[in-house]
Structures are given as structure tokens and as C-alpha cells.
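A.B. asks:
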Amino acid sequence: MEQGLGDPDPEEKARQKLRTLCQTGSVKTYANEFQRLITYIPQRHPNDLKSDFHAGLKSDIQGMLVGKVRQLFTWIELRDLAYNCDDTLLSHKRRVASSRGRPATHDYHQQQRYRPDDPMELARTSSTSSSHQPPRTYKPHRRQTFGKRTEEERKHLLGNDGYLHCHKTNAGHRPHDCPMFSNTGRQRPANQKQLSADASRINLKPGSTAPIHHLYRMSPAAELAELKRQLEIYLEKGWIRPSTSEYGAPVLFAKKADGSLHMCIDYIALNAQTLKDRRPLPLADDLFNQLQGAKYFTSLDLWSGYHQCRIHPDDVHKTAFKTRHGLYEFTVMPFGLTNAPAAFMRLMHDVLKPFIDKFVIYYLDDVLIYSKTEQEHLQHLEAVLQAFDQHNLKVKLSKCSFAQPSTRFLGFQVSSLGLSVDPKKVHAVVDWPLPKDLTAVRSFLGFVGFYRCFIKGFATI
1 MEQGLGDPDP EEKARQKLRT LCQTGSVKTY ANEFQRLITY IPQRHPNDLK SDFHAGLKSD
61 IQGMLVGKVR QLFTWIELRD LAYNCDDTLL SHKRRVASSR GRPATHDYHQ QQRYRPDDPM
121 ELARTSSTSS SHQPPRTYKP HRRQTFGKRT EEERKHLLGN DGYLHCHKTN AGHRPHDCPM
181 FSNTGRQRPA NQKQLSADAS RINLKPGSTA PIHHLYRMSP AAELAELKRQ LEIYLEKGWI
241 RPSTSEYGAP VLFAKKADGS LHMCIDYIAL NAQTLKDRRP LPLADDLFNQ LQGAKYFTSL
301 DLWSGYHQCR IHPDDVHKTA FKTRHGLYEF TVMPFGLTNA PAAFMRLMHD VLKPFIDKFV
361 IYYLDDVLIY SKTEQEHLQH LEAVLQAFDQ HNLKVKLSKC SFAQPSTRFL GFQVSSLGLS
421 VDPKKVHAVV DWPLPKDLTA VRSFLGFVGF YRCFIKGFAT I
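The sequence shown begins at 1 in the UniProt record's numbering and counts up by one.
1. Given this structure, state the Cα-to-Cα distance separating L283 from K58, to the nearest angstrom.
2. Going straight from the alpha carbon of G248 to that of Y370, what length do you get?
3. Find out if the Cβ-Cβ distance for the pair L204, T298 is shorter than 8 Å.
4. Write down the C-beta distance between V351 and F388 rounded to the nearest angstrom, noting that I regard them as a contact closer than 8 Å.
5. Around the C-beta of V430, are 16 or more other C-beta atoms found within 10 angstroms, so that it is buried, or is it exposed?
6. Measuring CA to CA, which of T88, Y296, E12 is closest to H377?
7. Could you tell me which uninterrupted alpha helix (DSSP H) segments, each at least 4 residues in length, are contained entirely in the segment 360-391, listed from first to last along the chain?
8. Just confirm the distance between the C-beta atoms of M345 and L281, as a whole number of angstroms; I'd bet it's less than 8 Å.
9. Got a sec, what are the start and stop residues for the alpha helix (DSSP H) M64 sits in?
10. Can you tell me which of the three DSSP states G248 falls into?
11. With H262 as the anchor, note down where its beta strand (DSSP E) starts and where it stops.
12. Cα separation between I268 and K372?
13. May I have the straight-line CA-CA distance separating L364 from N271, to the nearest angstrom?
14. Go ahead and pull the three-state DSSP assignment for residue 462.
15. What number of angstroms, rounded off, separates the C-alpha of Y40 from the C-alpha of D286?
16. Alpha carbon to alpha carbon, what distance is there between T331 and E232?
17. Is K322 buried or exposed, if buried means 16 or more other CB atoms sit within 10 Å of its CB?
18. Label C22 either buried or exposed according to how many other C-beta atoms from any shown protein chain fall within 10 Å of its C-beta, with 16 as the threshold for buried.
19. Quick check on this structure: which residue in C309, A221, W239 has the alpha carbon closest to the alpha carbon of V201?
20. Where does K425 fall in DSSP's three states?
21. Opposite K255 in the DSSP bridges: which residues?
22. Tell me, to the nearest whole angstrom, how far the beta carbon of T319 is from that of P341; I am working on the premise that it is less than 8 Å.
23. Ignoring anything shorter than 3 residues, give me the beta strand (DSSP E) runs that lie fully in the segment 14-56, in order along the chain.
24. Buried or exposed: which applies to K28, given that a residue is buried once 16 or more other Cβ atoms fall within 10 Å of its Cβ?
25. What whole-angstrom Cβ distance do V251 and L227 have, given they're in contact under 8 Å?
26. Using C-beta distances below 6 Å, list every residue in its chain close to W75, excluding the 5 sequence neighbours before and after it, in chain order.
27. Between the Cα of D316 and the Cα atoms of S260, Q379, T244, which residue gives the shortest distance?
28. For F444, which of helix, strand or coil comes out of DSSP?
29. If K17 sits next to L37, beta carbons under 8 Å apart, how far is it from one beta carbon to the other, in whole angstroms?
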């Protein structure tokens, strides 16, 4: 009777709905439905929840979250930032509507914001007992204790002088002086590979026409000056150029965590006409399963992310945006396009395809190289850097870690012993101030929930 009338597998049904869930109205409506579905999937990894929530957001919200997602640990923190972005967009639309003498008509913003309750059970937790319990490590299929890098390991890899010793030269040197990096940042010769043409196409639905937009009003004191400054930088780098396109998305600004302004293009109308690329992002557990037995790790961070992916010449005019200084269009992939994450993942897959699941895993612009021996690792590192050079991709050396026994990747500490919690995060939990309201409790649970796989009996705490 129960099998005939009830749902035989509510978890699988929820997973299927989660794969296709997208924001069609306000962020609060989307977050409410997202939270309802994940209550049926209790074992979903926090990193995957964050990726799932980000993938379903509207592209204009994603564009405003550029550079912030990787600093977050849970989808709840991402949701709160998305709320702020939603408010920013609404305020700009209201300013535009008021300048025309009529009220804003975006009905999905007229509802009172409601933040759904956190799905995790709220309970009292003793900070004293948490501070005395050492962090546990996690590795797929087994758990071990995290060990710090020893002085012997450091000397074996870097030498007594603290310098890197690779097979290209007998002399020690700093990573940024390594001969393996000598081609990084050069102009690409004519015989080198070009980027895949279909990796950056903007395919529109049949019958689509160029949307009509009006300029958003900006504050003269800060935003107008910042607009001129950023336009000059983009023109100098060759990321944009003057345009005569019939397209023209408006520009707005979003505040970064440090208080500075980030220029965002409101591609919401263009994204509504774009055929969606449903290429999924990889699951964190699937990525880390590949690391068993590895002892040497290199983490690479690509410079400027999506901007290293070129837009197809036939679609450049569709990226046009209008400012008081004129009309411009992107020659590189801009943030905010609905298919930008999928296009960038496809580019990275094309570049790293020979190495994937052998000695490389990647997640958007974060790349991890892993090997069992030092000599093997240097060969792997050289192969990846040569592939980047052939496709004119550049890495940001200040955010890279080369040939280390342990390194940080996607919020975890990776070593030969598996995954471990970042010690700084442990101190942050121990020193966390006592929550005094529901919002503070949610913030704390969201933070520790990211590392719940390390906490025994987390669901019962």
C-alpha cells in the first residue's frame, strides 16, 4: 500500500529536481525552493550545495558575485550575498523607473523578503567541548589524522636553502624564476593553438531580437569616476573595444567585501534569449577521490578567470554595453553571461583533457596537480604549464603553490593523508562569539556545516 501510494524514492526525486532548478523570480523564492529540496538530500556535500545554488542563480546575480564565491563555505552564506545583490539590482531599476516618472514593475521584488529557516536542526552546542576536540580528517573511503609537513620533507623538495630544484637546471631557484615558467605570459606565436571557437558562442533562441535598454543612473561622486577608470583599464588590456552594435546592456556597480566597486553588466535580457548550456560542474567528492596515494601537490589559479576565454567573432556584438562614454563590446568572455561558467569549464576541459583523472583535477579556474614522486610531479607540472602556454592561458603566481606536500584547494587542506580542515578555520570556530539571535545561529551552523564530514555525529549535535 505504501509503495503504491507513497513516493518510493523521495531523495532521488529531489536530486532530479535540484539538477534543473533555476531562479526565475526573486532570490528569496529560489532559495526557498532550493532549501525545501535539500532537506531530502541529507548527505549532500556542502561544497556541492554551494555550487548547485550558484549554478541556478540568474546570470546577473552571478556576475555580481564574481570573486566572492570561493571565499564562502556554505550555500547559506552565498544565499545572503545573493539577497544583497538582488537588493542592489532592484534599487537600480527603481532609480531608472523614477527617472521616467513611473514606479518599478518587477512584481517578484514587491513581495516582502522572507528568508526560509535553515534545514539543519538548531541546538545548543558547548564551545568548551568543541575546543578540546581535535579536528578530524576526511578522505574518501578512509579517515586518517592530518600530519604537518616535516622539516625533512621540506628540505627534500626545496633543498636546505629553501629553493626549488627542478630537472631543468642544477641550480636552486625561486618558483617565479623557474625555467618551466619562462614561457608564461609571452605573446602567443602564430603556430600555437587557438581557443575552441564553440567554447564561447552566444546562441540565441529563434526569433530573438536585440533588447532595448536605458542607462542606469549613477552617483557622480563615486560611480561615474570609477566607471571611467575601469573602462580605461579594460581598453588598455584589450578586453573591450568601441562598438556600433544594436545591442547594449546597462552598467551598474556592486560593492566588494573591501568596499571597492565592481563594474557589472546587466545581461538579464540577453540571458533570457540565450539557449542555456547545461554542462554541470564537477562534484567535490568525485574530484578528491582521485588523490589517493599522491604525495606532491601544486595548486594553480588562473589570472582573470573568464576573461581568458575569447568570445567568438560572430557573437562579440551581442556583448555590447552602453555607458555615458559610449558603446563598448567585449572581446573576451564577460562575467554575467548565463553560459559563462559552462563555456569556461569546456575550455578548461579541452586544455587539460590529456591529464584529467591522471594527475590533474580542476574546478573552474582552480587547478590541482598531484603526483606520487617528486620527479614525476615536476614532469606533470611542466606538461600542464606547456598546455596553458599553448592556449595562451596565464596563472597568477602569487596565488599558486608549487610542489608541496600539502596545499589548499577548494577550502580544504590537501595532503598525502587526505583532506583536513584549515587550522585557521578551527580557531575561528573555537573563538566564535556566542550567537544571540537566529541570524547569528544560522551563520555559525552554516560555517561549521561546511566541515561537517570531519565532525562525528554532527547531525545530532
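For each residue, glycine too, the CB sits at the ideal point set by N, CA and C. Note that the structure is predicted; figures quoted are calculated from it, not measured.
C.D. replies: The relevant details are as follows:
1. In a straight line, the C-alpha of L283 is about 21 Å away from that of K58.
2. Their Cα atoms are separated by approximately 44 Å.
3. Cβ atoms of L204 and T298: not closer than 8 Å.
4. With 8 Å as the limit, V351 and F388 qualify as a contact, their Cβ atoms being about 7 Å apart.
5. Answer is exposed; the Cβ neighbour count stays below 16.
6. Of T88, Y296, E12, the residue nearest in Cα terms is Y296.
7. For the segment 360-391, the full-length alpha helix (DSSP H) segments reaching 4 residues or more read 374-390 along the chain.
8. The C-beta separation of M345 from L281 comes to about 7 Å, placing the pair in contact by the 8 Å criterion.
9. It spans 59-64 - the alpha helix (DSSP H) in which M64 sits, taken as one unbroken run.
10. In the structure shown, G248 sits in coil (DSSP, three-state: anything other than H, G, I, E or B).
11. The continuous beta strand (DSSP E) containing H262 extends over residues 261-265.
12. Going from the Cα of I268 to the Cα of K372 covers about 47 Å.
13. In this structure, the CA atom of L364 is about 20 Å from the CA atom of N271.
14. Nothing can be reported for residue 462, as the shown portion of the chain is limited to 1 through 461.
15. Per the coordinates, the alpha-carbon of Y40 lies some 21 Å from the alpha-carbon of D286.
16. Using only the alpha carbons, I get a separation of about 15 Å.
17. With a 10 Å radius around the Cβ and a threshold of 16 neighbouring Cβ atoms, K322 comes out buried.
18. Under this definition C22 is an exposed residue.
19. Before going further, note that residue 201 is Arg rather than Val in the sequence given. When only C-alpha atoms are compared, the closest one is C309.
20. Three-state DSSP puts K425 in a helix.
21. By DSSP's assignment, K255 forms a beta bridge with L261.
22. The pair is not a contact, with the Cβ atoms about 16 Å apart (cut-off 8 Å).
23. Qualifying beta strand (DSSP E) stretches: none in this window.
24. Counting C-beta atoms within 10 angstroms of its own C-beta, K28 has 16 or more neighbours from the protein chains shown and is therefore classed as buried.
25. That pair is a contact at about 7 Å.
26. Only L49, K50, F53 meet the Cβ criterion.
27. Per the sequence shown, the amino acid found at residue 316 is Val instead of Asp. For the options S260, Q379, T244, the alpha carbon positioned closest to that of V316 is the one of T244.
28. Residue state, collapsed to three classes: helix.
29. Between K17 and L37 a beta carbon distance of about 6 Å is seen, short of the 8 Å cut, so the two are scored as contacting.
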